[in-house]
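Below is one structure, written out as structure tokens; comments come after it.
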């Protein structure tokens with residue numbers, strides 16, 4: 026199902042969470058809402074789910090206006106950041122909830138509920154844990170129960186709020202891959218919120234970068250990473266060095282990644298600058314260097330460790346550095 | 047030589063290190079004795095005395111004291127008052143706690159403060175408020191007399207005063223509980239297609255049931271035992287507007303000490319049941335939050 030968001034505004038007291046946000050989501054797409062905390066990404070998700078009402082703007086599903094439709098009737102599966110499992114119900118009853126509360130004429134029979142719940146628990150690989158209480162599960166297991174519960178009512182859209190936020194790094198990577206696979210199997214339009222750029226770039230078909238209640242850029246992972254629309258996007262998607270300069274007489278900021286820096290003992294082609302090495306930190310295969318340019322700007326470099334050895338770099342060394350790729354953002358932007 | 051050295055080193059072992067906050071044994075023992083002794087003297091002894099006095103004139107007198115018509119009427123009125131004020135304040139408490147924990151609205155702080163008012167005001171004043179409102183000389187008095195409605199010196203007044211006094215119990219218990227639990231489970235229920243009522247019955251109520259029960263137990267104990275406010279509005283009409291606490295006072299003032307204590311033993315029994323129920327609930331709440 027496609028989602029069309031137009032001109033959405035949302036205020037909480039004095040705080041404006043969303044400012045004129047518009048977004049189109051293709052059917053079957055897996056979309057990441059990426060931004061720092063407080064940027065409005067979760068608010069956008071809650072508005073799409075109908076858990077909050079917009080102050081202005083509209084939301085439609087498959088071209089049908091749903092702005093006034095209650096969360097109950099939107100058929101949106103929502104996976105909460107802290108899972109929000111019903112604490113007094115077993116795993117089975119949690120997953121069965123959405124089926125049991127359906128109006129009598131649409132409610133499946135007990136056998137059908139049993140079959141459906143077991144099928145879902147199988148899907149999320151929790152078949153043996155149906156009788157457990159939520160408190161008896163690990164974080165990753167709770168996450169999957171929450172997902173199975175949301176899928177039980179065959180939602181047309183799946184919304185996930187920081188789905189991996191509360192998990193440790195290893196479980197996180199595993200679940201990430203598993204979720205991508207599940208999405209490809211089910212083909213359900215999905216949006217997930219994250220503040221982790223690596224997660225967004227790895228998992229999503231398209232990434233929506235959100236900042237201060239506005240959408241900064243929408244694009245494929247490679248596109249937002251390689252061709253950032255704003256200085257914020259560039260800075261948020263990875264480590265960045267910034268130099269102030271003038272381009273064609275206009276004040277501008279030039280950004281480049283620490284790992285996009287060519288180092289040499291002799292002069293280099295392109296936008297090279299002279300610098301002095303201030304610190305060298307070896308991290309196994311890579312090495313991090315802190316450089317000070319002739320103009321006094323501090324620049325971080327991230328190069329293969331082997332490069333440090335061949336150039337025999339140590340603090341105090343005078344070298345030349347040139348960004349292989351860089352982004353120019355004009356100050357007035 | 048080696049053995050001697052060992053003994054030597056043992057003899058010279060460093061003095062045992064005492065934690066900075068650990069009191070000397072004597073102080074500890076004195077504090078425990080003081081606390082237990084105080085509790086026995088001021089809490090346990092009176093309770094025992096109530097039962098000893100109640101049965102002092104024999105079982106027959108005890109039975110007669112609590113089965114005479116006037117005593118039965120007091121018991122009946124007490125039960126009626128509790129059976130109205132407990133459910134009413136339980137419903138109000140849930141509604142108020144829900145509103146305060148879930149919504150932002152103008153006047154919310156005022157409501158939170160008002161809920162505590164009955165705890166802050168002396169019960170006698172609470173009773174007087176109702177006399178001033180509904181008594182013959184009160185604000186609504188003439189209108190009530192005109193329409194033949196009797197509130198003060200009648201059962202409705204007692205119910206009102208009791209409801210006022212016991213207003214905060216359930217709400218006070220539930221507000222922090224519901225604030226801590228948050229509304230995510232309820233939002234999950236709604237987004238899964240539950241109606242408001244289904245959400246309340248299947249998610250909200252089970253989550254707050256122990257806290258609610260806890261509040262109701264305390265509310266009930268107070269509703270049955272309230273003296274001050276009820277005393278002001280009741281008028282002490284024997285066989286008509288006396289609750290158990292008022293009945294006890296009348297008997298005592300008439301030097302019918304055995305009968306007074308017999309009636310009082312009913313309230314003491316209620317207190318014991320309340321304590322046991324409270325303890326059991328606390329134990330279950332702790333177990334559930336820990337699980």
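Residue numbers (the numbering used here), protein chains in the order written: chain W, 26 to 358; chain G, 47 to 337.
Just so it is clear, CB atoms sit at the ideal spot from N, CA and C, and this is done for glycine as well.
ask   = With a Cβ-Cβ cutoff of 8 Å, do residue 226/G and residue 105/W count as a contact?
value = no
Any 3 or more C-beta pairs closer than 8 Å across the segment 169 to 189 of chain W and the segment 97 to 117 of chain W: Yes: at least three Cβ pairs fall under 8 Å.
Problem - 3 or more residues per run - each beta strand (DSSP E) lying fully within the segment 285 to 352 of chain W - result: 286 to 289, 298 to 308, 311 to 318, 323 to 329 and 343 to 348
Exercise for the section: Give me whichever residues DSSP pairs with residue 31/W in a beta bridge. Expected result: DSSP lists 83/W as partners of residue 31/W.
Residues bridged to residue 213/W [DSSP beta-bridge criterion]: DSSP output for residue 213/W lists no bridge partner at all.
- prompt: Closest by CA to residue 274/G, which one among 123/G, 170/G and 289/G?
  reply: 170/G
**Prompt:** For residue 288/W, which of 193/W, 170/W, 316/W and 238/W has the nearest alpha-carbon?
**Reply:** 316/W
### Cβ of residue 252/G within 8 Å of any chain W Cβ
For residue 252/G, the answer is yes, since a Cβ of chain W falls inside 8 Å of its Cβ.
Q. When the Cα atoms are used, what is the spatial distance from residue 236/G to residue 115/W?
A. 19 Å
In chain order, what residues of the same chain have a beta carbon less than 7 Å from the beta carbon of residue 72/W, not counting five sequence neighbours either side?
-> The residues are 33, 35, 79 and 84.
Between 143/G, 75/G and 247/G, which has its C-alpha nearest residue 126/W's C-alpha? 247/G
Q.
Are the CB atoms of residue 356/W and residue 278/W within a distance shorter than 8 Å?
A. yes
What are the start and end residues of the alpha helix (DSSP H) that includes residue 78/G?
71 to 85
### Message
Looking at the strands, I want to know which residues DSSP matches up with residue 236/W.
### Response
239/W
Could you check the C-alpha separation between residue 178/G and residue 194/G for me, to the nearest Å? 18 Å
* Which residues bound the beta strand (DSSP E) around residue 131/G? -> Not the beta strand (DSSP E): residue 131/G falls in the alpha helix (DSSP H), residues 115 to 148.
*In chain G, which residues lie less than 8 Å from residue 174/W when you measure between Cβ atoms?*
Here the neighbours are 234 and 238.
- Return helix, strand or coil for residue 49/W, following the three-state DSSP convention. DSSP places residue 49/W in strand when its eight states are reduced to three.
Which one of 101/G, 215/G, 130/G and 79/G has the shortest CA to CA distance from residue 307/G? 101/G
Can you say whether residue 77/W is buried or exposed, counting buried as having 16 or more other CB atoms within 10 angstroms of its CB? buried
What does the Cβ neighbour count give for residue 333/G, buried or exposed, with the cut at 16 atoms within 10 Å? exposed
Return the residue from the list 75/G, 324/G, 159/G and 88/G that minimises the CA-CA distance to residue 218/G.
159/G
Interface residues of the segment 214 to 231 of chain G facing chain W [CB-CB below 7 Å]
230 and 231
Give the DSSP-derived three-state secondary structure of residue 263/G in the structure shown. helix
* Around the Cβ of residue 195/W, are there at least 16 other Cβ atoms within 10 angstroms (buried) or fewer (exposed)? -> exposed
List the residues of chain A whose Cβ lies closer than 8 Å to the Cβ of residue 249/G, in chain order.
Among the protein chains of the structure shown, namely W and G, there is no chain A.
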